[in-house]
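Colleague: The structure's right below; bear with me while I get my questions together.
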Amino acid sequence: MTLGRIVDVLSIVLLVGAAFAFAAGVDALAERRDLVALYWLVVGALTLKAATDVVRPRSSSR
Amino acid sequence: MSLARSATPIALTNILLPGLYAWVATVALVAFRASPPTWPRLVALLALVALVAGPLIAVRSHDWGRRVGVFVFAAFCVLTWLLAWEELDPERLEPIRAASGAIGWALFAFGWGSARKLGHVPEDDPNAIQGAALEPRAALPRGTLIVLLLGMLGASVPLVFAWRVRREDHALLAHAVALVAAVALVSASAKIALARGTGSERQPGQRVAAGSGAFMLLAFALAVGLVWSVLSR
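Chains as they are written, first to last, in the numbering used here: chain A, 1 to 62; chain B, 1001 to 1233.
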């Protein structure tokens, strides 16, 4: 497996991780644990940002 | 393709069946439990009349059928909910029925849409541009659909979990958050699915470096979570 392929797999793993984090956040909201919900939603957003940053094509304007 | 030109029993069923289901699950049950019941029931029945009349009118005039079947029906449904708003308290809603009612509404919307008729060749249309078929410039990377499906599956989980939130204000927030999360997940999965294996201009090291800011923040958040969970035990 090439390094590029490993980074591809990493982005998919991060995508799945973000889905779990968002689900945990909404679930915590249902369980009346608001601070925990906020924490998981932030983790989900950061995980999703990391997942897309590693696949985003090079910007030509910068 | 309009309903006026394809008023088949299947086309009518595609509209009426999910519409009827959505009406029963989300409007009729609310109206018939309301107190006092007179006005909500009357308006709910008017919504039913509009639902049934819409496709029948569309056979003669698609525009008028759509106005009655979609806009008048939806307006009467909203009016029913406003008249019976006490029944819409999140404490009284059943999550499964509410979620299945939402699916019914989505299918009802699809029913009023249009699709290519079986056996119909688009090129036969007089407005079609003739000539050689346009070939795609590149093939999709392998596993594109799997990544996209993963994203859609992941997006559906928060949407379902949002129905478990019972507190009134928090329920609205949960649905809004779940919707934003679902859109973000599907959008990100499409980006990842299309970018994979396309010979990215960047080296793997550069790609990881591009995500280093988000990785550092994520690592910090996870470390804070770990410390928090240890301290709160």
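Think of the CB as a built atom: it goes at the ideal place given N, C-alpha and C, for glycine as much as any other residue. Small disclaimer: the values here were computed from a predicted structure and weren't measured.
Output, in chain order, the set of chain A residues within a Cβ distance shorter than 7 Å of Arg1090 of chain B.
Modeller: Note that residue 1090 of chain B corresponds to Pro in the displayed sequence, not to Arg. Within chain A, no residue comes near Pro1090 of chain B; the closest Cβ sits about 11 Å away, beyond 7 Å.
Colleague: Helix, strand or coil: which one does DSSP assign to Leu1162 of chain B?
Modeller: According to the sequence displayed, residue 1162 of chain B carries Ala and not Leu. Three-state DSSP puts Ala1162 of chain B in a helix.
Colleague: At a CB-CB cut-off below 7 Å, which residues of chain A make contact with Ala1178 of chain B?
Modeller: Val26
Colleague: List the whole-angstrom C-beta distance separating Gly1143 of chain B from Ala1025 of chain B, where the pair is believed to meet the contact cut-off of C-beta under 8 Å.
Modeller: 37 Å between Cβ atoms; not a contact.
Colleague: Based on Cα-Cα distance, which residue from B:Arg1164, B:Asp1063 and B:Ala1181 lies nearest to Gly1154 of chain B?
Modeller: B:Ala1181
Colleague: What did DSSP end up calling Ser1100 of chain B once you bin it into helix, strand or coil?
Modeller: helix
Colleague: Label Phe22 of chain A either buried or exposed according to how many other C-beta atoms from any shown protein chain fall within 10 Å of its C-beta, with 16 as the threshold for buried.
Modeller: buried
Colleague: When the Cα atoms are used, what is the spatial distance from Ala1138 of chain B to Ala24 of chain A?
Modeller: 38 Å
Colleague: Using 8 Å as the cut-off, can you tell me whether the stretch 1013 to 1021 of chain B makes contact with the stretch 1047 to 1056 of chain B, which would need three or more C-beta pairs spanning the two stretches below that distance?
Modeller: yes
Colleague: What does Arg56 of chain A reach in chain B if we use C-beta pairs closer than 8 Å?
Modeller: Lys1191, Ala1195 and Ala1210
Colleague: How close, in whole Å, do the beta carbons of Ile1015 of chain B and Gly1069 of chain B come, if the pair is a contact with beta carbons under 8 Å?
Modeller: 7 Å
Colleague: What number of angstroms, rounded off, separates the C-alpha of Val1030 of chain B from the C-alpha of Phe1108 of chain B?
Modeller: The alpha-carbon atoms of Val1030 of chain B and Phe1108 of chain B are separated by roughly 19 Å.
Colleague: So Ala1174 of chain B and Val1165 of chain B are supposed to be a Cβ contact under 8 Å. How far apart are they, rounded?
Modeller: 4 Å
Colleague: Give the interface partners of Val43 of chain A over in chain B, defined as CB-CB distance under 8 Å, in chain order.
Modeller: Those within 8 Å of Val43 of chain A in chain B are Leu1218, Ala1221, Leu1222 and Gly1225.
Colleague: Could you tell me whether the Cβ of Pro1126 of chain B comes closer than 8 Å to any Cβ of chain A?
Modeller: Taking Cβ atoms only, chain A never reaches closer than 8 Å to Pro1126 of chain B, which makes this a no.
Colleague: Mark Arg62 of chain A as exposed unless 16 or more other C-beta atoms lie within 10 angstroms of its C-beta, in which case mark it buried.
Modeller: The predicted model places Arg62 of chain A with a pLDDT of 42, which falls under 50 and marks its position as unreliable; any figure quoted below should be read in that light. With fewer than 16 Cβ atoms within 10 Å of its Cβ, Arg62 of chain A is classed as exposed.
Colleague: Can you name the residues of chain B whose CB is closer than 8 Å to the CB of Val7 of chain A?
Modeller: Pro1204, Arg1207 and Val1208
Colleague: Please report the Cβ distance between Val7 of chain A and Pro1204 of chain B, rounded to the nearest whole angstrom; I am assuming they are in contact, meaning their Cβ atoms lie under 8 Å.
Modeller: 5 Å
Colleague: Helix, strand or coil, according to DSSP, for Leu1045 of chain B in the structure here?
Modeller: helix
Colleague: So, is Thr2 of chain A buried or exposed, given that buried needs 16 or more other C-beta atoms within 10 angstroms?
Modeller: exposed
Colleague: Nearest chain B C-beta to Val16 of chain A closer than 8 Å, yes or no?
Modeller: yes
Colleague: Below 8 Å CB to CB, which residues in the same chain sit around Val54 of chain A once its five sequence neighbours on both sides are set aside?
Modeller: Val7, Leu10, Ser11 and Leu14, listed in sequence order.
Colleague: Using DSSP with H/G/I as helix, E/B as strand and the rest coil, what is Leu1088 of chain B?
Modeller: Of the three classes helix, strand and coil, the one that applies to Leu1088 of chain B here is helix, per DSSP.
Colleague: At the level of alpha carbons, what is the spacing between Gly1225 of chain B and Pro1095 of chain B?
Modeller: 30 Å
Colleague: Can you tell me where the alpha helix (DSSP H) with Ala1132 of chain B in it begins and where it stops?
Modeller: Looking at the DSSP string, Ala1132 of chain B is not in any alpha helix (DSSP H), and its letter there is neither H nor E.
Colleague: Of all the CB atoms in chain A, is at least one closer than 8 Å to the CB of Ser1002 of chain B?
Modeller: With a pLDDT of only 49 at Ser1002 of chain B, under the threshold of 50, the placement of this residue in the model should not be trusted; the figure read from the coordinates follows. So no, Ser1002 of chain B is outside the interface.
Colleague: Looking at Leu1083 of chain B: is its Cβ nearer than 8 Å to the Cβ of Pro1040 of chain B?
Modeller: yes
Colleague: Where does Val1157 of chain B fall in DSSP's three states?
Modeller: helix
Colleague: Could you name the residues of chain A that Ala1174 of chain B contacts, counting a contact when the two beta carbons are closer than 8 Å?
Modeller: Val26, Leu29 and Ala30
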